[in-house]
Structures are given as C-alpha cells and as structure tokens.
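Engineer: Read in order, the letters of the sequence shown are residues 364 to 472 in our numbering.
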Amino acid sequence: MSVKYIKPNYSNIVLAGLIDAIVAMIFFITLFSMMTNNLINPNLSILLGFVFYRFITIFLFDCTLGMKVFKMLFLNYDEEKLSIKEKLLASFFILYEGVDYYKEVRAYT
Numbered sequence: 364m365s366v367k368y369i370k371p372n373y374s375n376i377v378l379a380g381l382i383d384a385i386v387a388m389i390f391f392i393t394l395f396s397m398m399t400n401n402l403i404n405p406n407l408s409i410l411l412g413f414v415f416y417r418f419i420t421i422f423l424f425d426c427t428l429g430m431k432v433f434k435m436l437f438l439n440y441d442e443e444k445l446s447i448k449e450k451l452l453a454s455f456f457i458l459y460e461g462v463d464y465y466k467e468v469r470a471y472t
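1) Could you tell me the distance, in whole angstroms, from the CA atom of Glu442 to the CA atom of Ala453?
2) With a Cβ-Cβ cutoff of 8 Å, do Lys466 and Ile369 count as a contact?
3) Using the rule of at least 16 other Cβ atoms within 10 Å of the residue's Cβ for burial, across every protein chain shown, is Ile421 buried or exposed?
4) Where are the beta strand (DSSP E) runs, 3 residues long or more, that stay fully inside the stretch 373-461, in chain order?
5) Looking at C-alpha atoms only, which residue of Ser408, Phe437, Ala470 and Asp463 is the closest neighbour of Phe395?
6) To which residues of the same chain is Leu445 closer than 8 Å at the C-beta, ignoring the five residues directly before and after it?
7) Give me the Cα-Cα distance between Ile457 and Lys450, rounded to the nearest whole angstrom.
8) Judging by CA-CA distance, which residue of Phe418, Ala470 and Tyr464 is the nearest neighbour of Tyr373?
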C-alpha cells in the first residue's frame, strides 16, 4: 500500500477551518466565562488562543482537529513534513515557501 498526496478542494479547507474555529471558540469562551477578572480583552484572547491551538496541534500532530476530520495535513512543496519554522508560520496562517494543505490518499498496489 502506497501513500499519495493530492490537493484538497477549497470547500474542505474552509470546513476544516470552521471546525477548528468552533472548537477553539467554545474552549476559550468557556475558559473566560469561568474567570472572574476582566483584565484581558476577550476578543484578543480568543485570537491568541486560536493561534496557540493551531501551533500545538500542528506541532504535535502535523494537522489540526478540523484537518484530521477531512484527512488533510500540512506538507511542504517536496511533500515532506514541515520544519519547526514552517509549523510556527502555519500556526499564524502564513503558508511559507510552498507549504500547503494536502489530502492523504492510500493506494493499494
């Protein structure tokens, strides 16, 4: 069995992003509703939390939860796993030097 990678359609990328946004917002809204002090701007906190969520999931699993649902992952232009620098930039929504979404397809030969 060989593994090939293809570019997913744009709707899968958008839906994966929506799943990630919903998961991150639910988590951080719940977290901030339990906190009593209002020293932190909630909107900024959700944005930073979303970036933190993306960094942790991309760093550990090479994809986010939404990407996992659609069997996608980040690879560079050589279809290799990302370096630390590329993972850091991808967590800030910067796809650097050919980094893109790829869908894993298993081919039985």
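Heads up, the beta-carbon is just placed ideally off N, CA and C, and yes, glycines get one too.
Structural biologist: The structure says:
1) 15 Å
2) yes
3) buried
4) 435-438
5) Ser408
6) Ile421, Asp425, Phe437, Leu438, Asn439, Ala453 and Val462
7) 9 Å
8) Tyr464
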